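Numbering (our numbering), first residue to last: 126 to 437. For each residue, glycine too, the CB sits at the ideal point set by N, CA and C. Note that this is a predicted model, so its numbers are computed, not measured. First comes the structure, then the notes that go with it.
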């Protein structure tokens, strides 16, 4: 009953099936290995970045401008807090709770901290003159910590500790300027005075009369009721989209292998049922040609179309 497997047609089907299945499995395994390689590389890079973040803090000027490699590294800067321009950054979450950041500008002496620029904005002619008069001082936005609650609530803002006076040294994680569309960033405007929606030199340029670094620091130590803000991963350091493409291709190749097996089994069952019917003498009815319009019906057709009254 299975002699049809030896026909030339089925030789082609069988050879194709025997070749297609291992090819699909090989390609699926290769794509899976590519995915695992990308994941291992990403994990290794994350471990290296984590080790660098735990290393000794480096001067601010050595890490500017902020890149994907230097973002999150520990840095140190010395200067004086501008107590007149402390800002609150609303709608920031920490530990699944709503709250706000407390941001204070640290006036850094670039001559002491080895500043190498950083793309800070300029407030205008008066700001440039003031910055030049102070020996190249530049402001570094420092997030001193996070508080739960609403930045518009006086009870919550009353818990904000005043920044220390005099010269201080800040140690924390260096972060790149935020941009519209970032997590928690509010760039729609309309915030009350003393609040900031996006931590960046561009958003601070019209709020302070001096230059601002195109970066910010989240302090490792938070005074009073403040909680330290953990650094965020730099953009482009997440798992590459190509890794997920490799994982998708893996699934596709394995599905192709299963489809080949399914189609072979379906063809085999149909051929086997046909061979069995022929062995039992069951043949499918042969199609009859349709009768042309206006032609005389054959005797069989006339017999089938004769009315009961005609045969009575």
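Report yes if the CB atom of residue i is closer than 8 Å to the CB atom of residue j, and no otherwise.
i	j	result
residue 329	residue 200	no
residue 347	residue 356	no
residue 273	residue 205	no
residue 344	residue 232	no
residue 207	residue 192	no
residue 227	residue 321	no
residue 135	residue 141	no
residue 333	residue 202	no
residue 234	residue 280	no
residue 153	residue 378	yes
residue 188	residue 375	no
residue 149	residue 393	no
residue 316	residue 271	no
residue 351	residue 286	yes
Please classify residue i as buried or exposed, where buried requires at least 16 neighbouring CB atoms within 10 angstroms.
i	result
residue 398	exposed
residue 198	buried
residue 339	buried
residue 367	exposed
residue 195	buried
residue 266	buried
residue 264	buried
residue 388	exposed
residue 276	buried
residue 305	exposed
residue 212	buried
residue 217	buried
residue 169	exposed
residue 337	buried
residue 182	buried
Among residues of its own chain, excluding the 5 on either side of residue i, which ones have a beta-carbon nearer than 6 Å to its beta-carbon?
i	result
residue 325	302, 303
residue 159	371
residue 297	342, 343, 344, 345
residue 396	129
residue 210	230, 333
residue 349	286
How is residue i classed by DSSP in three states: helix, strand or coil?
i	result
residue 335	coil
residue 285	coil
residue 406	coil
residue 162	helix
residue 215	strand
residue 310	coil
residue 321	coil
residue 357	coil
residue 375	helix
residue 342	strand
residue 380	helix
residue 267	strand
Starting from residue i, follow its DSSP beta bridges and name the residues at the other end.
i	result
residue 225	272
residue 201	184, 296
residue 206	231
Note down, in chain order, each residue of its chain lying with its Cβ closer than 7 Å to the Cβ of residue i, except the 5 sequence neighbours on either side.
i	result
residue 145	385
residue 143	none
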